[in-house]
Amino acid sequence: MKVSPLHLIGFLLLAGVLPIHAALIRRYKFVLTDTPYTRLCTNKSILVVNGQFPGPTLHATEGDTLVVDVQNRASENVTIHWHGVKQHRYPWSDGPVYITQCPIQPGSKFSQKIFLSNEIGTLWWHAHSDWSRATVHGAIVIYPRKKNNYPFRKPHAEVPIILGEWWNSDIQAVLTEFLDNGGDPNVSDAFLINGQPGDLYPCSRSDTFKLTVEYGKTYLIRSVTIVGSDASYTKQIRSDYIAISPGQTIDFLLKANQKPSHYYMAAHAYASAATYDNTTTTAIIEYRGNYTPPSSPLLPSLPTFNDINASVNFTGRLRSLGNKDYPVHVPKNVTNAFLFTISINLTPCPNDSCVGPYNERLLASVNNITFVQPTISILQAYYQHIRNIYGDDFPSHPPFAFNYTADFVPKALWRPQNGTEVRVLKYNSSVEIVFQGTNTVGGIDHPMHLHGHSFYVVGWGFGNFDKDNDPSNYNLVDPPLMNTIAVPINGWTTIRFQASNPGT
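Numbered per mature numbering (1 follows the signal peptide of the UniProt record, and there is no 0), the sequence shown spans residues -22 to -1, 1 to 482.
See below:
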């Protein structure tokens, strides 16, 4: 497994089964607390849900409605986002603080309603307030309406594999420090599989996650069969590794067909630039039976940390099923075409007091605008006609065209503008967005996630997007339907979707 070094990496899940039932309302209770955590060589308190790290898995069936009663008994503001759930015509429970709702304050509670539509497979939920998601997260498993109605043979069991990242320091202190100094955040101390870094770390050997399997049954071992991503089925592909972006989900099947023994599963960072956590997290697959396990299983062979071809080649192989049962509805006639540059930027600090490059502050931007968080929810401002909260003239294209992926981009182009800008779309318009990475300050991969819609990834490439030639190579037949995609370093990715979900 190959992962990207952000504070929440993603999820992997084998498909599973539940009895058939009609769509219904399921109710869950989330209690947020600051809970002492005595594992991983620490006794610090961490923010968790229901005392669990990772948090509880939500189980549902396609089309269900979930009601999650969130009670905040912790010491900080929190919201919860249901990552990949479209929340069709119900954005008020989506979770982004000051975009669709105000935060849930300490001592208060809020019932969030989650409307499932055509999502099938694996998604996840997480805090959507600062970096609370580092410990406040869990999986969402969505089964098909009809029992065992999978486009593949029913597996014998399902196993959620949650990949995360761990700092020995308080996570809010890490956030505050790098916001204050303007540089990179401190590199994490470990990656995690189901909340533990594995037995390569001195404080995790006894707690290393173990998956017990029986020979001949479908769990996981060695090469894998990918069957879905971001709660959408895919054509089956075989791979010796998985490249997964922060926030992405992958569903896969593996056959326990090796000689009964103990085997490692392992994950490490894919890092195209900058510093990163150069560690490997492990879990163990152990076969049932009578045998002498090895003292130390062999580690799988993973691509190197900066193997960009391994990353893009895996993602580039994903395809939708595209058959009569699972049709593809990619927009063919685009009514709104956007080019969004995604950049790392710098801005000066008083007395050169920051620790970013050239003693300046690191920022990020889209079309050279760095988003400024409002203090009133944009959705509330829209419905209540509150003025001066946001502007509605976010540019369709970069305000200034240049060689975005040149080896050296002039420093004059590193400066962003600040703004709280939105883009207004007409209902049911068909949208194409080309995400163009740039090499300002330094190029890097950019995981991009869209709320309220899944999207088809119809094309990608390295270098600058060529509007005259690149669209001729788009895949409009069976592109993967996703909600999170990594734009490759100094490259571009094109997505399309139908703007059929009103909201912010």
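Ideal Cβ positions, reconstructed from N, Cα and C, are used throughout, including at glycine.
Given the structure is predicted, the values throughout are model-derived calculations rather than measurements.
Among Arg393, Asn96, Ile263, His115, the one whose alpha carbon lies nearest that of Trp103: In the sequence shown, counting from the first residue as 1, residue 103 sits at position 125. The shortest C-alpha separation from Trp103 is found at His115.
Where His134 sits in the DSSP three-state scheme: As a first step, residue 134 is located in the sequence shown; it is residue number 156 there, counting from the start. In this structure, DSSP gives His134 a state outside helix and strand, which the three-state scheme calls coil.
What did DSSP end up calling Lys188 once you bin it into helix, strand or coil? Here residue 188 refers to the residue found at position 210 when the sequence shown is read from its first residue. The three-state secondary structure of Lys188, taken from DSSP, is strand.
Reference Ile473; option with closest CA among Ile215, Ser408, Asn447: Within the sequence shown, residue 473 is the residue found at index 495, counting from 1. Residue Ser408 is the option with its Cα nearest to Ile473.
Would you call the region 39 to 51 and the region 82 to 95 touching, i.e. three or more CB-CB distances under 8 Å? Counting Cβ pairs under 8 Å, three or more are found: they touch.
Are the beta-carbon atoms belonging to Pro425 and Pro224 less than 8 Å from one another? Stepping through the sequence shown from its first residue, residue 425 is reached at position 447. Stepping through the sequence shown from its first residue, residue 224 is reached at position 246. Yes, the Cβ-Cβ distance between Pro425 and Pro224 is below 8 Å.
Buried or exposed (CB count within 10 angstroms, at least 16 for buried), Gly62: As a working mapping, residue 62 is identified with position 84 in the sequence shown. Answer is buried; the Cβ neighbour count reaches 16.
Contacts around Cys181, its chain only, beta-carbon distance under 6 Å, and the 5 residues preceding and following it disregarded: In the sequence shown, residue 181 corresponds to position 203, counting from 1. Apart from the 5 residues on each side of it in sequence, Cys181 sits with its Cβ closer than 6 Å to the Cβ of Leu18, Cys19 in its chain, given in chain order.
Beta-carbon proximity check, Gly300 vs Val455, cutoff 8 Å: Numbered from 1 along the sequence shown, position 322 holds the residue referred to as residue 300. Numbered from 1 along the sequence shown, position 477 holds the residue referred to as residue 455. The criterion of a C-beta distance shorter than 8 Å is satisfied by Gly300 and Val455.
Quick one: Cα of Pro388 to Cα of Phe8, how far? Counting from 1 along the sequence shown, the entry for residue 388 is found at position 410. Counting from 1 along the sequence shown, the entry for residue 8 is found at position 30. In a straight line, the C-alpha of Pro388 is about 49 Å away from that of Phe8.
Nearest to residue 483 (by Cα), restricted to the options Asp371, Gly439, Val435, Tyr219: The requested residue 483 is not part of the displayed model; the chain covers only -22 to 482.
DSSP three-state call for Thr472: helix, strand or coil? The sequence position of residue 472 within the sequence shown is 494, counting from 1. In the structure shown, Thr472 sits in a strand (DSSP, three-state: E or B).
For Leu317 versus Pro376, is the C-beta distance shorter than 8 Å? Working through the sequence shown from its first residue, we reach residue 317 at position 339. Working through the sequence shown from its first residue, we reach residue 376 at position 398. The Cβ atoms of Leu317 and Pro376 sit closer than 8 Å to each other.
Return the bridge partner residues of Gly116 from the DSSP annotation. Taking the first residue of the sequence shown as position 1, residue 116 is located at position 138. As computed with DSSP, Gly116 is found in a beta bridge with Trp103.
Of the choices Phe372, Pro373, Ile354, whose alpha-carbon is the least far from that of Arg365? On the sequence shown, residue 365 is found 387 positions in, with the first residue counted as 1. Selected option, being the one with the closest Cα: Ile354.
Local conformation of Lys389 per DSSP, three classes: Indexing the sequence shown from 1 puts residue 389 at position 411. In the structure shown, Lys389 sits in a helix (DSSP, three-state: H, G or I).
Are three or more beta carbon pairs between the region 64 to 73 and the region 24 to 40 nearer than 8 Å? By the C-beta criterion, the region 64 to 73 is judged not to be in contact with the region 24 to 40, since fewer than 3 inter-stretch pairs fall below 8 Å.
What residue does the beta strand (DSSP E) around Ser323 start on, and which one ends it? What you label residue 323 is simply residue 345 of the sequence shown in a count that begins at 1. As written in the sequence, residue 323 is Asn, which differs from the Ser given in the question. Its beta strand (DSSP E) spans residues 314 to 325.
Which residues does DSSP pair with Ile338 in a beta bridge? Here residue 338 is taken as the residue at index 360 of the sequence shown, counted from 1. Per the sequence shown, the amino acid found at residue 338 is Glu instead of Ile. Glu338 is not bridged to any residue.
Distance check for Ala117 and Ile220, CA to CA, integer angstroms please. By one-based count along the sequence shown, residue 220 stands at place 242. By one-based count along the sequence shown, residue 117 stands at place 139. Between the alpha carbons of Ile220 and Ala117 lies a gap of roughly 18 Å.
My output table needs one value for Ile199: the three-state DSSP class, helix, strand or coil. The residue given as residue 199 occupies position 221 in the sequence shown. Bear in mind that a pLDDT of 35 at Ile199, under 50, signals an unreliable position, so the model cannot answer this.
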